[in-house]
Amino acid sequence: MGFSSELCSPQGHGAVQQMQEAELRLLEGMRKWMAQRVKSDREYAGLLHHMSLQDSGGQSWSSGPDSPVSQSWAEITSQTENLSRVLRQHAEDLNSGPLSKLSVLIRERQHLRKTYNEQWQQLQQELTKTHSQDIEKLKTQYRTLVRDSTQARRKYQEASKDKDRDKAKDKYVRSLWKLFAHHNRSILLPAQIPLLGRKIKQVVFIGKKKKKK
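All letters in the sequence shown, in the order written, are residues 1 to 213 by UniProt numbering.
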(Lines of atoms letter the chains of each structure in order from A and count residues from 1; the text may use other names and numbers.)
(Lines give C-alpha, C1' and ligand atoms only; values in the text may rest on other atoms or scores of the structure.)
Protein backbone atom coordinates (compact mmCIF):
# COMPACT_ATOMS: atom_id res chain seq x y z
CA MET A 1 0.00 0.00 0.00
CA GLY A 2 2.95 2.31 0.62
CA PHE A 3 4.06 2.02 -2.97
CA SER A 4 0.52 2.77 -4.20
CA SER A 5 0.28 5.78 -1.88
CA GLU A 6 3.56 7.18 -3.20
CA LEU A 7 2.31 6.85 -6.78
CA CYS A 8 -0.73 8.95 -5.87
CA SER A 9 1.47 11.85 -4.74
CA PRO A 10 2.61 14.68 -7.07
CA GLN A 11 6.10 13.17 -7.05
CA GLY A 12 4.67 9.80 -8.03
CA HIS A 13 2.61 11.44 -10.77
CA GLY A 14 5.77 13.07 -12.14
CA ALA A 15 7.61 9.74 -12.04
CA VAL A 16 4.80 8.03 -13.98
CA GLN A 17 4.86 10.80 -16.58
CA GLN A 18 8.63 10.45 -17.00
CA MET A 19 8.28 6.69 -17.38
CA GLN A 20 5.57 7.14 -20.01
CA GLU A 21 7.66 9.66 -21.93
CA ALA A 22 10.74 7.40 -21.83
CA GLU A 23 8.70 4.43 -23.05
CA LEU A 24 7.23 6.44 -25.92
CA ARG A 25 10.66 7.73 -26.94
CA LEU A 26 11.97 4.16 -27.01
CA LEU A 27 9.02 2.91 -29.05
CA GLU A 28 9.26 5.85 -31.46
CA GLY A 29 12.97 5.13 -31.95
CA MET A 30 12.23 1.48 -32.69
CA ARG A 31 9.51 2.44 -35.17
CA LYS A 32 11.80 4.90 -36.92
CA TRP A 33 14.52 2.25 -37.18
CA MET A 34 12.10 -0.36 -38.57
CA ALA A 35 10.64 2.11 -41.07
CA GLN A 36 14.13 2.96 -42.29
CA ARG A 37 14.94 -0.76 -42.57
CA VAL A 38 11.82 -1.36 -44.67
CA LYS A 39 12.70 1.56 -46.92
CA SER A 40 16.32 0.41 -47.33
CA ASP A 41 15.35 -3.20 -48.08
CA ARG A 42 12.81 -2.09 -50.68
CA GLU A 43 15.30 0.20 -52.37
CA TYR A 44 18.02 -2.45 -52.33
CA ALA A 45 15.60 -5.08 -53.65
CA GLY A 46 14.63 -2.77 -56.49
CA LEU A 47 18.27 -2.11 -57.32
CA LEU A 48 19.09 -5.84 -57.36
CA HIS A 49 16.08 -6.54 -59.56
CA HIS A 50 17.24 -3.87 -61.99
CA MET A 51 20.74 -5.37 -62.02
CA SER A 52 19.40 -8.88 -62.65
CA LEU A 53 17.76 -7.64 -65.85
CA GLN A 54 21.06 -6.43 -67.28
CA ASP A 55 23.11 -8.71 -69.52
CA SER A 56 26.46 -6.95 -69.14
CA GLY A 57 26.06 -5.25 -72.51
CA GLY A 58 25.44 -8.57 -74.32
CA GLN A 59 29.02 -9.70 -73.68
CA SER A 60 27.96 -12.92 -71.98
CA TRP A 61 26.11 -14.07 -75.07
CA SER A 62 29.01 -13.47 -77.46
CA SER A 63 30.33 -16.96 -76.74
CA GLY A 64 26.91 -18.58 -77.06
CA PRO A 65 24.26 -19.38 -74.46
CA ASP A 66 25.89 -22.73 -73.58
CA SER A 67 29.36 -21.35 -72.92
CA PRO A 68 30.70 -21.38 -69.32
CA VAL A 69 30.70 -17.59 -69.25
CA SER A 70 27.04 -17.39 -70.27
CA GLN A 71 26.05 -20.04 -67.78
CA SER A 72 27.94 -18.29 -64.99
CA TRP A 73 26.28 -15.00 -65.82
CA ALA A 74 22.86 -16.61 -65.89
CA GLU A 75 23.51 -18.07 -62.44
CA ILE A 76 24.61 -14.69 -61.10
CA THR A 77 21.54 -12.90 -62.45
CA SER A 78 19.26 -15.68 -61.14
CA GLN A 79 20.76 -15.51 -57.64
CA THR A 80 20.56 -11.72 -57.74
CA GLU A 81 16.86 -11.88 -58.61
CA ASN A 82 16.26 -14.42 -55.85
CA LEU A 83 17.99 -12.17 -53.33
CA SER A 84 15.87 -9.27 -54.59
CA ARG A 85 12.66 -11.25 -53.97
CA VAL A 86 13.83 -12.32 -50.50
CA LEU A 87 14.64 -8.76 -49.49
CA ARG A 88 11.37 -7.46 -50.92
CA GLN A 89 9.38 -10.10 -49.02
CA HIS A 90 11.33 -9.39 -45.85
CA ALA A 91 10.52 -5.70 -46.16
CA GLU A 92 6.81 -6.41 -46.64
CA ASP A 93 6.73 -8.85 -43.71
CA LEU A 94 8.47 -6.34 -41.46
CA ASN A 95 6.10 -3.57 -42.55
CA SER A 96 2.88 -5.54 -42.13
CA GLY A 97 4.01 -7.40 -38.98
CA PRO A 98 6.24 -5.87 -36.30
CA LEU A 99 6.14 -2.31 -37.66
CA SER A 100 2.34 -2.31 -37.89
CA LYS A 101 1.94 -3.79 -34.41
CA LEU A 102 4.45 -1.33 -33.01
CA SER A 103 2.50 1.59 -34.49
CA VAL A 104 -0.68 0.29 -32.83
CA LEU A 105 1.17 -0.06 -29.51
CA ILE A 106 2.44 3.51 -29.73
CA ARG A 107 -1.08 4.83 -30.36
CA GLU A 108 -2.36 2.86 -27.37
CA ARG A 109 0.40 4.22 -25.14
CA GLN A 110 -0.28 7.78 -26.33
CA HIS A 111 -3.98 7.35 -25.58
CA LEU A 112 -3.15 5.89 -22.16
CA ARG A 113 -0.88 8.84 -21.36
CA LYS A 114 -3.58 11.30 -22.44
CA THR A 115 -6.27 9.53 -20.39
CA TYR A 116 -4.03 9.31 -17.33
CA ASN A 117 -3.19 13.03 -17.43
CA GLU A 118 -6.84 14.00 -17.95
CA GLN A 119 -7.98 11.87 -15.01
CA TRP A 120 -5.21 13.20 -12.79
CA GLN A 121 -6.14 16.79 -13.59
CA GLN A 122 -9.82 16.02 -12.98
CA LEU A 123 -9.03 14.50 -9.59
CA GLN A 124 -6.87 17.51 -8.70
CA GLN A 125 -9.67 19.91 -9.65
CA GLU A 126 -12.25 17.95 -7.67
CA LEU A 127 -9.95 17.77 -4.66
CA THR A 128 -9.25 21.50 -4.80
CA LYS A 129 -12.96 22.23 -5.14
CA THR A 130 -13.81 19.95 -2.21
CA HIS A 131 -11.06 21.52 -0.11
CA SER A 132 -12.32 25.03 -0.81
CA GLN A 133 -15.94 24.08 -0.12
CA ASP A 134 -15.08 22.36 3.16
CA ILE A 135 -13.00 25.28 4.37
CA GLU A 136 -15.74 27.76 3.45
CA LYS A 137 -18.32 25.58 5.20
CA LEU A 138 -16.15 25.49 8.32
CA LYS A 139 -15.83 29.28 8.28
CA THR A 140 -19.58 29.73 7.99
CA GLN A 141 -20.26 27.27 10.81
CA TYR A 142 -17.58 28.90 12.95
CA ARG A 143 -19.12 32.36 12.53
CA THR A 144 -22.54 30.94 13.43
CA LEU A 145 -21.19 29.25 16.57
CA VAL A 146 -19.37 32.42 17.63
CA ARG A 147 -22.60 34.39 17.24
CA ASP A 148 -24.59 31.79 19.20
CA SER A 149 -21.96 31.67 21.94
CA THR A 150 -21.91 35.47 22.18
CA GLN A 151 -25.69 35.59 22.47
CA ALA A 152 -25.69 32.82 25.09
CA ARG A 153 -23.07 34.68 27.10
CA ARG A 154 -25.05 37.91 26.98
CA LYS A 155 -28.23 36.15 28.11
CA TYR A 156 -26.28 34.48 30.90
CA GLN A 157 -24.90 37.80 32.06
CA GLU A 158 -28.33 39.46 31.81
CA ALA A 159 -30.21 36.69 33.64
CA SER A 160 -31.39 37.87 37.09
CA LYS A 161 -33.23 34.88 38.52
CA ASP A 162 -31.26 31.86 39.70
CA LYS A 163 -33.31 29.44 37.62
CA ASP A 164 -32.95 31.51 34.49
CA ARG A 165 -29.29 32.10 35.24
CA ASP A 166 -28.56 28.39 35.62
CA LYS A 167 -30.39 27.64 32.39
CA ALA A 168 -28.54 30.40 30.53
CA LYS A 169 -25.23 29.23 31.99
CA ASP A 170 -25.86 25.67 30.82
CA LYS A 171 -26.71 26.91 27.35
CA TYR A 172 -23.63 29.13 27.31
CA VAL A 173 -21.34 26.25 28.35
CA ARG A 174 -22.78 23.97 25.64
CA SER A 175 -22.26 26.67 23.03
CA LEU A 176 -18.64 27.04 24.16
CA TRP A 177 -18.05 23.30 23.87
CA LYS A 178 -19.48 23.32 20.36
CA LEU A 179 -17.29 26.29 19.46
CA PHE A 180 -14.14 24.65 20.85
CA ALA A 181 -14.88 21.35 19.08
CA HIS A 182 -15.46 23.16 15.79
CA HIS A 183 -12.28 25.15 16.33
CA ASN A 184 -10.33 21.89 16.63
CA ARG A 185 -11.91 20.54 13.44
CA SER A 186 -10.99 23.76 11.65
CA ILE A 187 -7.35 23.24 12.62
CA LEU A 188 -7.21 19.53 11.78
CA LEU A 189 -9.07 19.54 8.45
CA PRO A 190 -6.47 21.44 6.35
CA ALA A 191 -3.81 18.99 7.53
CA GLN A 192 -6.03 16.03 6.63
CA ILE A 193 -6.91 17.26 3.11
CA PRO A 194 -3.66 16.04 1.42
CA LEU A 195 -4.04 12.62 3.08
CA LEU A 196 -7.67 12.50 2.01
CA GLY A 197 -6.64 13.35 -1.54
CA ARG A 198 -4.13 10.50 -1.61
CA LYS A 199 -6.75 8.11 -0.26
CA ILE A 200 -9.25 9.15 -2.96
CA LYS A 201 -6.70 8.74 -5.76
CA GLN A 202 -5.53 5.45 -4.32
CA VAL A 203 -9.08 4.06 -4.26
CA VAL A 204 -9.76 5.32 -7.79
CA PHE A 205 -6.56 3.94 -9.33
CA ILE A 206 -6.75 0.59 -7.53
CA GLY A 207 -10.41 0.25 -8.51
CA LYS A 208 -9.56 0.82 -12.18
CA LYS A 209 -6.76 -1.75 -12.01
CA LYS A 210 -9.16 -4.35 -10.59
CA LYS A 211 -11.69 -3.63 -13.34
CA LYS A 212 -9.03 -4.18 -16.01
CA LYS A 213 -8.15 -7.56 -14.48
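We put the CB at the ideal spot given by N, CA and C, even for glycine. Computed from a prediction, not measured in an experiment: that's the story for all the values here.
- Residue environment: serine 78 is assigned as exposed (fewer than 16 neighbouring CB atoms within 10 Å of its CB, all protein chains considered).
- Taking a cut-off of 8 Å for Cβ pairs, the stretch 16 to 33 and the stretch 112 to 128 touch, as three or more such pairs fall below it.
- Glutamine 141 and lysine 101 have their C-alpha atoms spaced approximately 59 Å apart.
- When rounded, the separation of the alpha-carbon atoms in serine 52 and leucine 105 is 39 Å.
- Exclusion of the five residues before and after histidine 90 leaves Asp41 as the residues of its chain whose Cβ lies within less than 8 Å of its Cβ.
- Rounded to whole angstroms, the gap between the alpha carbons of aspartate 134 and leucine 127 is 10 Å.
- Cβ-Cβ distances below 8 Å link serine 103 to Arg31 in the same chain, with the five nearest sequence neighbours on each side left out; the list follows chain order.
- In terms of Cα proximity to arginine 165, the closest of Gln54, Leu176, Trp177 and Ala152 is Ala152.
- Taken through DSSP and simplified to helix, strand or coil, serine 103 comes out as helix.
- Looking from the CA of methionine 34, the closest CA among Asn95, Ser132, Thr150 and Gln119 belongs to Asn95.
- Its chain contains no residue whose beta carbon lies nearer than 7 Å to that of alanine 181 once the 5 sequence neighbours on both sides are disregarded.
- Counting along the chain, no alpha helix (DSSP H) covers glutamine 54, and no H or E run does either.
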